[in-house]
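Student: Residue numbering for the sequence shown follows this note's numbering, starting at 3 and increasing by one per position.
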Amino acid sequence: MPLGRRSLVALALPLAAAACSSSPEPVLYALQMKPGPVLPRGPKIVQVRDIALASYLDRKEIVRASQDYKLVVLPNDWWGEGLGQMLTRVIVMGLAQRLPASQIVPEGGAVPADPEAAIGVSIQRLDLDAGGQLVLSAQTGIEFNRPRRTAARGFQISRAPAGPDTRALVAAISDACGELTDGLAQMLQS
3 MPLGRRSLVA
13 LALPLAAAAC
23 SSSPEPVLYA
33 LQMKPGPVLP
43 RGPKIVQVRD
53 IALASYLDRK
63 EIVRASQDYK
73 LVVLPNDWWG
83 EGLGQMLTRV
93 IVMGLAQRLP
103 ASQIVPEGGA
113 VPADPEAAIG
123 VSIQRLDLDA
133 GGQLVLSAQT
143 GIEFNRPRRT
153 AARGFQISRA
163 PAGPDTRALV
173 AAISDACGEL
183 TDGLAQMLQS
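(1) Excluding the 5 residues flanking Ile106 on each side, which residues of the same chain have their C-beta closer than 7 Å to its C-beta?
(2) Leaving aside the five residues before and after Leu182 along the sequence, list all residues of the same chain whose C-beta is less than 7 Å from its C-beta, in chain order.
(3) Within its chain, find whatever has a CB closer than 6 Å to the CB of Gln34; leave out the 5 residues flanking it on each side and keep chain order.
(4) Report the CB separation of Ala54 from Ile125 in whole angstroms; it is logged as a contact under 8 Å.
(5) Reducing DSSP to helix, strand and coil, say where Glu197 ends up.
(6) Could you check which residue in Gly134, Val113, Leu73 and Asp70 has the C-alpha nearest to that of Arg161?
(7) Report buried or exposed for Thr152, applying the criterion of at least 16 other Cβ atoms within 10 angstroms of its Cβ.
(8) If you run the structure through DSSP and keep just helix, strand and coil, what is Gln188?
(9) If you measure between the beta carbons of Pro45 and Glu118, is that distance less than 9 Å?
(10) Which word fits Ala178, buried or exposed, when buried means at least 16 other C-beta atoms lie within 10 angstroms of its C-beta?
(11) Would you say Arg91 and Asp184 are within 9 Å of each other, going by their C-beta atoms?
(12) By alpha-carbon positions, which one of Pro102, Pro28 and Ala170 ends up nearest to Leu41?
(13) What is the rounded straight-line gap between the Cα of Trp80 and the Cα of Leu186?
(14) Is any beta-carbon of chain D found at less than 9 Å from that of Val94?
(15) State the CB to CB distance for the pair Tyr58 and Val65, rounded to an integer number of angstroms; the pair is presumed to be in contact (CB under 8 Å).
(16) Under a Cβ-count criterion, where at least 16 other Cβ atoms within 10 Å of its own Cβ denotes burial, should Leu128 be classed as buried or exposed?
(17) When you compare only the Cα positions, how much space is there between Arg150 and Leu190?
(18) Decide if Val74 is buried, meaning its Cβ has at least 16 other Cβ atoms within 10 Å, or exposed.
So, in structure tokens, the structure goes:
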């Protein structure tokens, strides 16, 4: 006796549910900002614009490497929040620690502000190179409003992860973000 469509669907649903339940839950990771040098001056109010990411980085899975024309993504190791949003949040926290005389606010945040300086960051690369070094490549720009001027700088930061696991990779990314934040704080001194 041939099976009808409904019977096939009824048989397939439990199999699909079993297949889904056997996949492991993803492990979620977050960046941490390490303390940096405290600098004596800076604009009174600094706005950090939303971080722009290369499209290949804009995903929930952590990108381990992009080499040999391939993208290596860690399927069960995810960012705990959107990478661009997390980078913005962490850099705001890092700048607030490094520039205690300045008020650091994110773009579109709940605190209304008339910034004296606005920072833009574009991340072009944030993964391991062929030698296993983490590479953070970024272009940055600051618009100062009082007096009106601009500053721009490129960053190429390399860090050796302490081990081959994802935790070591995320720690190296956190360290590189700290170095980027140190550079931004220095740019705000001018």
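Using N, Cα and C, we set each Cβ at its ideal position, and we do this for glycine too.
Tutor: Concretely, from the data shown:
(1) For Ile106, where only same-chain residues beyond five positions count, the Cβ hits under 7 Å are Val48, Val50, Val94, Leu97 and Ala98.
(2) Contacts found: Leu138, Ala140, Phe157 and Ile159.
(3) If we look at Gln34 and ignore the five residues flanking it on each side, its Cβ neighbours are Ser176.
(4) About 7 Å separates the beta carbons of Ala54 and Ile125, which is inside the 8 Å limit, making them a contact pair.
(5) This structure cannot speak to residue 197, because the chain is shown only from 3 to 192.
(6) Gly134 is the residue among Gly134, Val113, Leu73 and Asp70 whose C-alpha sits nearest the C-alpha of Arg161.
(7) Exposed: under 16 other Cβ atoms inside 10 Å.
(8) Of the three classes helix, strand and coil, the one that applies to Gln188 here is helix, per DSSP.
(9) Yes.
(10) Ala178 comes out buried.
(11) No, the pair does not count as a contact, with Cβ atoms beyond the cut-off.
(12) The option with the nearest alpha carbon to Leu41 is Pro102.
(13) Between the alpha carbons of Trp80 and Leu186 lies a distance of about 27 Å.
(14) Note that chain D does not occur in the displayed structure, where there is just one protein chain.
(15) Rounded, the Cβ-Cβ distance is 6 Å, consistent with contact.
(16) Classification for Leu128: buried.
(17) So the alpha carbons of these two residues sit roughly 13 Å apart.
(18) Classification for Val74: exposed.
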